[in-house]
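From first to last, the protein sequence lines stand for chains A and B. This note's numbering numbers the first residue of the first sequence as 5 and each following residue consecutively. This note's numbering numbers the first residue of the second sequence as -6 and each following residue consecutively. C-beta: ideal position from N, C-alpha, C; glycine also.
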Amino acid sequence: MSGGVDSSVAAGLLIEAGHDVVGATLKLWGGVSDSGCCSVADVDDARRVAQMLGIDHHVFNYTEEFERYVVEPFVRDHAAGRSPNPCIECNRHIKFDLLFERAHRLGFDAVATGHHAQVLERDGRHHLIRGADDQKDQSYVLGYLREEQLAVLMLPIGDMRKSEVRVHAERLGLRTWDKPDSQDVCFIEASRGREVFLRQRIAFTPATIIDVASGEEVGATGAAELMTVGQRRGVLPGRDGAKRYVSKVDIGERRVEVGRLDDVLITTIHLDADSLTFAHEPLADGSPVLAQWSAHGAAQAGTLRWTGAWSIALDAPARPVAPGQSVVLYRVNEPAIVEGAAIVTLP
Amino acid sequence: MSDQYYFDHAASAPRRDEVTAAMEPWMHGVVGNPSGTHRAARAARRAVEEARDEVAEFVGAKPGGVIFTGGGTESCHLAIAGVTHHHRRTHEKSVIVTSRIEHNAVLDAAEMMARDFDDVTVRYVDVDEEGVVDLDSLSRALDNDVAIVSIMTVNNETGICQPLDGVSSLANAVPGAVPTHTDAVAAAPWLYLPMLTASIDMISLCAHKIGGPVNSGALIVRNDVALDAMVPGGGQERGHRGGTVDVAACVGLATAARITARELETTNDRVAEYQLRLTASLAFLPGCRITAPGASKVPGTVHVTFDGIASDELLFLLDQEGVCASAASSCSSGAGVSSHVLAAMGVTPERARGSLRLSMGAETTSQEVDDVIGILSAVVYRLTTSA
């Protein structure tokens, strides 16, 4: 529970449905925070919501694990020129791994969250599917869930639109907890940004910016670690005036490649085999998939390939995808169903 | 089996009925302002001064040295910041010497002074692996720049007793003698303070750890140690703490102190046996390690760690069974945090994650101890086998 409207209503609906519910808030980040989901004020809000709902509330401290599984990899990835998604890593390693294990040890039958996604049970199997509110759908950040986790996961608001959630909040008397949705990475102060956070932990690498088509040096950056493959913002247009996109960040060579959209489009996304996770049995080489690589981006059609390494061959060229990002695979004929997920890597 | 086993006296002790009864007349209707002159004010002032006498007796000090405060944290803060501020006016450098295992009331006051004033620094005294302040380390930290030495009487997390005699000897050996302060909050329910703190200049107390109300405490100053007020206000408490004196809070503290002193011996004997029984039983549980087994501890506290078990989970299941206990260190959000006390003792973070403090008091019964041993065994067994 974050004290926000989604998790509060999720808890309220479960209580109304007759479940024996205990509220839990995870204390994840021990440092300074002005956003996200783990400040003392959020814990206080969550506790107050639990009191109003008449349930017990516990705060679980996962700050050490959060540092180990989320923050340190976030820093390490940036230092290697990758662009990780810390929210996905937190879901993978903390919320749906450590918390699930803990819930099991403590004797709970299920774990519920206020995510906008749904669990569909069909023929004895559990499938993660997109939330009913396509503006709020969070199935992307839950993409690594497997059958054994889905079987004990409840997502009480996943079949609602946000406006319906707010109606329930009002009905349950929770409307004062109508907080804005958290959008930012919780351990990075929105007012200071990623750069300030990373500078405390790594030394930035100056790099030259090369136009990939001409091989010409078109600029320089003081911090290659802050350049993200696919980014356009902050990249100077070329002499022709056309927008340039980052296509490659090579920290070792102190080199960032940029190009016009036509020059940098990709048709293959390479997947890290260790991270590749399927909800059920693995998809085979040649399986058609819908691939989505950002929280609210559109899913693109492609084919899963095994050629000694995993990749996705895209049907249509796309803007480059940053290594470290996750690709979530949706089913082609039932496009709301999540099949699995993997981290993007270099070939 | 009862539905609640309260084993968190070290966090807050049950309010004694005798305390509530003594406070009651001062909690409704006309309660005079003790600073006034009319009959209602005089009655209030008389209650405050009688309370002052009792608090002074509790620690073996003169009544004039008792400064009533809003609790233990404020008392510690007043001692550290008040003495250091006073010291700064006549010295170029001011050093605060304290141990690494102090309560945050002391540590944060010291750090605040060092942060806010360039001429103030903090020197930390180490503890040994039994959690006892290292007097050699203290000796090295002392010189003519030291404004105050603050070493707690008993550690609040572990219950381990500290060598106050050694502290005062070393402080007095410095030319001019260094003022000493002790946070006696965790010691007050158990130890005879007039003897133990006789050579210490300042003693911090708090009422709710001895069955009194929260937001009530005192800093007791011996030997006319000079300190600045943190809240000068209207000059109450001989200029040491402004603000209208809370009669009920003073009476509550004094009554709790009187009861504690009266029952000290019998409570100690009884609870010491519980402590022995608990410690001996817990030692047989899988992964259990007694914290600082050789150290001298107050009877009320049993501190252990469990290998491979997270405190969060242990406390959750104990709570389900009605046992109120603690991991002894938590932050303002209510989440358990790794203990600076255990870290200072050289306990690894992994081991510290499985901390459990069971703390008892005058109300604890023999039956409760046996029940809790049974519950704890079942819970630990469950967490060990389901891991």
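The C-alpha of Leu275/A lies about 19 Å from the C-alpha of Ala302/A. Remark: C-beta atoms of Leu178/A and Thr117/A do not approach each other more closely than 9 Å. Of Val260/A, Thr232/A, Trp314/A and Ala346/A, the smallest CA-CA separation from His82/A is found for Thr232/A. For Phe309/B, the nearest beta carbon of chain A is closer than 9 Å to its own beta carbon. Under the three-state reduction of DSSP output, Asp24/A falls in the coil class, being neither helix nor strand. From the listed residues Leu308/A, Ala313/A and Gly312/A, the smallest Cα separation to Tyr334/A is found for Leu308/A. Setting aside the 5 residues that flank it on each side, Val297/B is surrounded in the same chain by Leu275, Cys281, Arg282, Ile283, Thr284 and Leu349, each with a C-beta closer than 7 Å to its C-beta; the list follows chain order. For the stretch 104 to 137 of chain A, residues whose beta-carbon sits nearer than 9 Å to a beta-carbon of chain B comprise Glu105, Arg106, His108, Arg109, Leu110 and Gly111. Restricting attention to Cys94/A, Asp10/A and Leu17/A, the CA atom closest to the CA of Gly147/A is found in Cys94/A. In the three-state reduction of the DSSP assignment, Met195/B falls in the strand class, which pools E and B. Nearest to Ser218/A by C-alpha distance, out of Gly263/A, Ala299/A and Arg258/A, is Gly263/A. Given a length threshold of 3 residues, each whole run of the beta strand (DSSP E) inside the stretch 247 to 291 of chain A is given here in chain order: 249 to 254, 259 to 263 and 270 to 275. Beta-bridge partners of Ala346/A (DSSP): Val331/A. Closest in alpha carbon position to Leu135/B, among Val171/B, Glu123/B and Ser370/B, is Val171/B.
For Glu50/B, the closest of Val295/B, Leu307/B, Leu246/B and Val330/B by C-alpha to C-alpha distance is Leu246/B. Contact annotation: Ala222/B and Gly75/B have beta-carbon atoms nearer than 9 Å. Against chain A, a Cβ distance below 8 Å from Leu376/B picks out Arg109. Listed in chain order, the beta strand (DSSP E) runs fully inside the stretch 120 to 202 of chain A are 121 to 126 and 129 to 134, counting runs of at least 3 residues. Per DSSP, Gln229/B lies in no beta strand (DSSP E) segment and is marked neither H nor E. Every alpha helix (DSSP H) of 4 residues or more that sits fully in the stretch 44 to 72 of chain A is shown, in chain order, as 44 to 57 and 67 to 70. Counting only runs of 3 or more residues that sit fully inside the stretch 246 to 291 of chain B, the beta strand (DSSP E) segments are 281 to 283, in chain order. The way I'd put it, the stretch 135 to 148 of chain B does touch the stretch 81 to 92 of chain B; three or more beta-carbon pairs between them come closer than 8 Å. Residue environment analysis places Tyr73/A among the buried positions, since at least 16 neighbouring C-beta atoms fall within 10 angstroms of its C-beta. The beta carbon of Gly64/B lies closer than 7 Å to those of Cys199, Val207, Asn208, Ser209 and Gly210 in the same chain, with the five residues before and after it left out.
Distance between Val291/B and Asp1/B, taken at the CA atoms: about 14 Å. Per the coordinates, the alpha-carbon of Val23/B lies some 42 Å from the alpha-carbon of Leu351/B. If you ignore the 5 residues before and after Leu308/B, its C-beta comes within less than 8 Å of the C-beta of Ala318, Ser319, Ala320, Gly329 and Leu349, all in its own chain and listed in chain order. Here Leu124/A has His131 and Ile133 as same chain residues with Cβ atoms under 6 Å from its own Cβ, once five neighbours each way along the sequence are excluded. Residue-level contact check: His82/A does not touch chain B, since none of the beta carbons of chain B fall below 9 Å from its beta carbon. Between Ile368/B and Tyr(-2)/B, the gap from beta carbon to beta carbon is short of 9 Å. Boundaries of the beta strand (DSSP E) harbouring Tyr117/B: Val113 to Val118, taken from the DSSP string. Secondary structure note for Arg80/A: its alpha helix (DSSP H) is the uninterrupted segment Glu76 to Ala83. For His62/A, the C-beta contacts it makes with chain B under 7 Å involve Phe309, in order along the chain. Judged by beta-carbon spacing, Leu240/A lies beyond the 9 Å limit of Gly226/A, meaning their Cβ atoms are not closer than that value.
Counting every other CB atom within 10 Å of its CB across the protein chains shown gives Gly290/A a total below 16, marking it as exposed. Val331/A and Ile316/A do touch by the CB rule: their CB atoms are close to 7 Å apart, below 8 Å.
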